[in-house]
Amino acid sequence: MTVSRREFLKGSAAAIALSMVSGPAFSAPAGKDEGVDKWVKGVCRYCGTGCGVLIGVKGDKAVSIKGDPNNHNAGLLCLKGSMLIPVIYAKDRITEPMIRKGGKKSPLEKVSWDEALEFAAKPFREALATTGPNSIAYYGSGQALTEESYLANKIWKAGFKTNNVDGNPRLCMASAVAGYLTTFGKDEPMGTYNDIDAANCFFIIGSNTSEAHPVLFRRIAKRKETNPQVKVIVADPRRTNTSRIADLHISFVAGTDLALLNAMAHVIIREELDNQRFYNRYVNFVTNDGKPCTFEDYKTFLADYTPEKVQETTGVPAADIVKAAKMFAESSSTLSLWCMGINQRTRGVWANNLIHNLHLLTGQIGKPGASPLSLTGQPNACGGVRDTGSLAHLLPAGRMVANEKHRNEMEDFWGVPRGSIQPKMGFHTVALFEAMAKGDVKATFIHCTNPAHTLPNLNKLTKGLETAFVAQTECFMDAETLKYADVVFPAAFWCETEGVYGCTERRYALTEQAIKPMGNSRPAVQILMDFAQKAGVDPKLYPYKTSADIWEEWRTLSKGSQYDFWGITRARLKKESGLKWPCPNEKHPGTNLRYVKGDDPLVPADHPNPISFYGRPDGKANIFLRPYAPPFEPAEPDYPFILTTGRVIDHWHTATMTGKVPELQKAFPSAFVEINPEDAKKLGISNGDSVTLETKRDKMNFPARITDTCMAGLVFCPFFDKNLLVNRLFHDATDGASREPEYKICATKVYKQA
Amino acid sequence: MAIAGFLIHTLPEQSKAVEAAAAAFPEITTYGVHQNCYVVAVAEAPGLEMENLLGRVQSLAGALATYVTSMTMEDEIEA
Amino acid sequence: MRISQKTAFIVLALIVLGGGGFFLYLDRAFPKNRCEGAHLTVPEAYADCLSCHSKVTPKAAQDWQESKHGVLLVKCVVCHGEPDGKGSIPFAVNPEPSKICAACHDPAMKVMTEKFGAPLECNSCHPRHQNSMHSGAFQSKSQSGQSSF
Numbered sequence: 001m002t003v004s005r006r007e008f009l010k011g012s013a014a015a016i017a018l019s020m021v022s023g024p025a026f027s028a029p030a031g032k033d034e035g036v037d038k039w040v041k042g043v044c045r046y047c048g049t050g051c052g053v054l055i056g057v058k059g060d061k062a063v064s065i066k067g068d069p070n071n072h073n074a075g076l077l078c079l080k081g082s083m084l085i086p087v088i089y090a091k092d093r094i095t096e097p098m099i100r101k102g103g104k105k106s107p108l109e110k111v112s113w114d115e116a117l118e119f120a121a122k123p124f125r126e127a128l129a130t131t132g133p134n135s136i137a138y139y140g141s142g143q144a145l146t147e148e149s150y151l152a153n154k155i156w157k158a159g160f161k162t163n164n165v166d167g168n169p170r171l172c173m174a175s176a177v178a179g180y181l182t183t184f185g186k187d188e189p190m191g192t193y194n195d196i197d198a199a200n201c202f203f204i205i206g207s208n209t210s211e212a213h214p215v216l217f218r219r220i221a222k223r224k225e226t227n228p229q230v231k232v233i234v235a236d237p238r239r240t241n242t243s244r245i246a247d248l249h250i251s252f253v254a255g256t257d258l259a260l261l262n263a264m265a266h267v268i269i270r271e272e273l274d275n276q277r278f279y280n281r282y283v284n285f286v287t288n289d290g291k292p293c294t295f296e297d298y299k300t301f302l303a304d305y306t307p308e309k310v311q312e313t314t315g316v317p318a319a320d321i322v323k324a325a326k327m328f329a330e331s332s333s334t335l336s337l338w339c340m341g342i343n344q345r346t347r348g349v350w351a352n353n354l355i356h357n358l359h360l361l362t363g364q365i366g367k368p369g370a371s372p373l374s375l376t377g378q379p380n381a382c383g384g385v386r387d388t389g390s391l392a393h394l395l396p397a398g399r400m401v402a403n404e405k406h407r408n409e410m411e412d413f414w415g416v417p418r419g420s421i422q423p424k425m426g427f428h429t430v431a432l433f434e435a436m437a438k439g440d441v442k443a444t445f446i447h448c449t450n451p452a453h454t455l456p457n458l459n460k461l462t463k464g465l466e467t468a469f470v471a472q473t474e475c476f477m478d479a480e481t482l483k484y485a486d487v488v489f490p491a492a493f494w495c496e497t498e499g500v501y502g503c504t505e506r507r508y509a510l511t512e513q514a515i516k517p518m519g520n521s522r523p524a525v526q527i528l529m530d531f532a533q534k535a536g537v538d539p540k541l542y543p544y545k546t547s548a549d550i551w552e553e554w555r556t557l558s559k560g561s562q563y564d565f566w567g568i569t570r571a572r573l574k575k576e577s578g579l580k581w582p583c584p585n586e587k588h589p590g591t592n593l594r595y596v597k598g599d600d601p602l603v604p605a606d607h608p609n610p611i612s613f614y615g616r617p618d619g620k621a622n623i624f625l626r627p628y629a630p631p632f633e634p635a636e637p638d639y640p641f642i643l644t645t646g647r648v649i650d651h652w653h654t655a656t657m658t659g660k661v662p663e664l665q666k667a668f669p670s671a672f673v674e675i676n677p678e679d680a681k682k683l684g685i686s687n688g689d690s691v692t693l694e695t696k697r698d699k700m701n702f703p704a705r706i707t708d709t710c711m712a713g714l715v716f717c718p719f720f721d722k723n724l725l726v727n728r729l730f731h732d733a734t735d736g737a738s739r740e741p742e743y744k745i746c747a748t749k750v751y752k753q754a
Numbered sequence: 001m002a003i004a005g006f007l008i009h010t011l012p013e014q015s016k017a018v019e020a021a022a023a024a025f026p027e028i029t030t031y032g033v034h035q036n037c038y039v040v041a042v043a044e045a046p047g048l049e050m051e052n053l054l055g056r057v058q059s060l061a062g063a064l065a066t067y068v069t070s071m072t073m074e075d076e077i078e079a
Numbered sequence: 001m002r003i004s005q006k007t008a009f010i011v012l013a014l015i016v017l018g019g020g021g022f023f024l025y026l027d028r029a030f031p032k033n034r035c036e037g038a039h040l041t042v043p044e045a046y047a048d049c050l051s052c053h054s055k056v057t058p059k060a061a062q063d064w065q066e067s068k069h070g071v072l073l074v075k076c077v078v079c080h081g082e083p084d085g086k087g088s089i090p091f092a093v094n095p096e097p098s099k100i101c102a103a104c105h106d107p108a109m110k111v112m113t114e115k116f117g118a119p120l121e122c123n124s125c126h127p128r129h130q131n132s133m134h135s136g137a138f139q140s141k142s143q144s145g146q147s148s149f
């Protein structure tokens, strides 16, 4: 037989290839059977989008998760939410109470609940007896359940009688709160996610929506896909993944967005795109120091903000400013969305006001698709902290401690003597940790947050944690704050207890209990009540058996107020996938367009106008003449770069939860610094090099990631990594009105590590 | 003339289609689909053109990647 | 002048062994110091699939990048899990729709099942990794709408 050489070689080649295929085995075994006994309805543990979830329970374990088809997310989940189950069963779950018997340097030891509660309560009792109620504090969280925040607020303000009640929403949403309050008279957005489906122009500023609110980003992208005329403007010094769907991306020098927003207003008026009919009826013009003025004054004020002048300040081409302004004003419905880029600023309140100005100037408000919709970061900053008034200057349902009538209303409702609630604002977050360091606050109860990782200017403010007595609830052993805790209470985690979350769009939704608390952990409402009792607060103040009892009280309190959600009963929450307040009775379906007659039940049916900003005494909103002012620490010759911080989709905040999911941890095991290629070239830095960032506070080394996401002169670090606590580099300057720190801008040196 | 044995990794539902498309190249002989997603094939082309050819194979619709398992070029080697 | 057959076959054998060895190495477990994606700091970056797979399976990587899942950052691990099998999602080269797609798309799957009968293979109409039925995921279809990317 003759086989040609060529055929032989071909045959060999084929045989070799075939042998490669038969060798290594590839494909995965089939997934194990995940039969589920029941699906329990709840809300995702992560961001302020507030996606509804169904938790699959088999026996006594949670085994799977999927999106709730009946909630606003229509069954969809993002990367993080779809992988929540492993977090529950993390190996480092704290399941027993622990205390440090011998002071801050001694190790944490497991003890019984009784011993831990007594050990925690004693310093509080002593502080109260010797230095008074303002020497103790509570530091809470936008991730705590509404019932927990409401309870803690009541215990501390009416029980202990101190207004030292603050929380991490101070670090994230306070500027948005003050923005809504000053412009509209009441906190919380007037629109909902339904507006996304009706908007024709999206103005996204200071938000990396695709990574921070992925399911909302999808809804925006879908709107754009199905409607060719929809325009998307993304304004951000970083060109993030969010800009992939942008028609116009605007990169401005960090901190100059105030000038940009005023320039857009300038163009809108110049091009006669302002809506006179709207603002003549619904708007007051107010100077920066609070005095009434006129539209003509506003127009004169804006003469300084021509696109050409603002191009100098911001680096944005004048033509793009004009384009953005026209897109915004000419669309039949414009929706603005913003988040930390606008809020975490020393001029955060002004920036919020300026966004509202654009909507009030053009009448882009109070109709489907037209609204200024502030994106909330945490799952329950709105429902839990803002609405219940669990901040140092607030009381429930929009009341203020400084207002005697409000104090009296709360004292009467809570059954405490008149004069119990102090009139003066307590310590806001930064001031609280300063006071702890000084010894003015001797004992603090920390719930559901990780300040040793998330405070600004960490080297300075962690001294407060080193000095004061710290009792905290925590679920995970790797939380940085545990290093300073004197007492650790294991709280039941997420679906191990029942409670309400209130998300960005005024939707209150219930997470039902799916599984038992792990080990010896207890629901936080139980922990708070047991602690309060040991610390000497009258038990009549908290006669609750379950979190449902607390909900009942809060619901009753809201009745008749401008936060009225009397119609959102526990039974309805169990049946529905959340309801949007105002919702004054059980037949009411919830409110989409707040302040709009016919939609909002709090606007009387016989009101003369279609819109009523009833949060303000005259029913009109305010356009404030806010000037551009630079950030606290702009770039300077010795510190020529701006450092900004933010998030990546894979991690939530300090990664104590997402870090437990192998896929998420291994997608982003550690932090890095993003450097623009031009800057990298000048500095001789290559991808992967170790780079030193040096600010006036500290210096740290990060691996470099060279990418054109950041504009030249800007560097970015995510803050999730506990081994690279970038907040040590930041100052703690805050907005004068909201007291929110400026995590988005500080000045830094950048150089290759020596 | 170089002779290269290679595999084309495809999606299972497209393996037949990819095999047919690859076989349509005059330089390529195919030897069936294995494990549902690997087309076994041999290409003959001048060594300098081989990379180009395999690149074109990789761009076929349904082809995820090509893995070269062997290459013979002995009749192109000159003393 | 021709070289001897013996030399030629030695060369051939070496190429075969080298090529085969490469292939085997490539397709075994993903050793930590092999993937470009792990170069930044910590070697354990098994879920940073894209940086390696844009070289190893470039078409799939590009398809994903340009698809809706790519724009929305539904990353590889969400459907495929981790290759070392130590993750929370079972590793699968071909994920099973009723388990994996259903985690997010259950309502749509129920609608499709009602319309067309069960159980459907999602990717018979929605090709994996590719934009299903529309090109240019989420791009405005009008001329004036230009995407920046």
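Protein chains in written order, with our numbering: chain A, 1 to 754; chain F, 1 to 79; chain G, 1 to 149.
Glycine is no exception: its CB is placed at the ideal position from the N, C-alpha and C atoms.
CB contact check: residue i to chain G, cutoff 8 Å
i	result
residue 657 of chain A	no
residue 196 of chain A	no
residue 135 of chain A	no
residue 769 of chain A	Residue numbering for chain A in the displayed model covers 1 to 754; residue 769 of chain A lies beyond these limits and cannot be assessed.
DSSP beta-bridge partners of residue i
i	result
residue 694 of chain A	A/699 and A/749
residue 472 of chain A	A/446 and A/488
residue 674 of chain A	A/705 and A/716
residue 522 of chain A	A/491
Any C-beta of chain F under 8 Å from that of residue i
i	result
residue 323 of chain A	no
residue 15 of chain G	yes
residue 214 of chain G	Here chain G has residues from 1 to 149 only, and residue 214 of chain G is not among them.
Integer-rounded CB distance, given that residue j should sit under 8 Å from residue i
i	j	result
residue 142 of chain A	residue 164 of chain A	Rounded, the Cβ-Cβ distance is 18 Å, inconsistent with contact.
residue 380 of chain A	residue 501 of chain A	4 Å
residue 43 of chain A	residue 660 of chain A	In fact, because the Cβ distance is near 19 Å, the residues do not count as touching under 8 Å.
residue 286 of chain A	residue 622 of chain A	5 Å
residue 53 of chain A	residue 35 of chain A	So it is not a contact: roughly 19 Å between Cβ atoms.
Environment of residue i [buried if 16+ CB atoms lie within 10 Å]
i	result
residue 10 of chain G	exposed
residue 17 of chain G	exposed
residue 111 of chain G	exposed
residue 207 of chain A	buried
residue 276 of chain A	exposed
residue 585 of chain A	exposed
residue 744 of chain A	buried
residue 305 of chain A	buried
Neighbour flag for residue i against chain A, beta carbons, 8 Å
i	result
residue 70 of chain F	yes
residue 53 of chain G	no
residue 6 of chain F	yes
Any non-hydrogen atom of the ligand SAM within 7 Å of residue i CB
i	result
residue 287 of chain A	Absence of the ligand SAM is noted for the structure shown, with no ligands found whatsoever.
request  = Evaluate contact between the stretch 731-740 of chain A and the stretch 267-277 of chain A, counting only Cβ atoms and requiring at least three cross-stretch pairs below 8 Å.
outcome  = no
request  = For the stretch 395-404 of chain A and the stretch 60-74 of chain A, state whether three or more C-beta atom pairs, one from each stretch, are separated by less than 8 Å.
outcome  = no
ask   = Taking one C-beta from the stretch 380-394 of chain A and one from the stretch 609-616 of chain A each time, how about it: are there three or more such pairs within less than 8 Å?
value = no
key: the stretch 644-663 of chain A touching the stretch 216-234 of chain A, judged by at least three CB pairs closer than 8 Å   = no
task = Decide yes or no for the touch test of the stretch 364-371 of chain A against the stretch 333-340 of chain A: beta carbon pairs closer than 8 Å, at least 3 of them.
result = yes
key: Three or more C-beta pairs below 8 Å linking the stretch 121-140 of chain A and the stretch 435-442 of chain A   = yes
request  = Tell me, please, whether the stretch 246-260 of chain A touches the stretch 626-639 of chain A by the rule of three or more beta-carbon pairs shorter than 8 Å.
outcome  = yes
task = Please confirm if the stretch 723-731 of chain A is in contact with the stretch 693-703 of chain A, defined as three or more CB-CB distances below 8 Å between the two stretches.
result = yes
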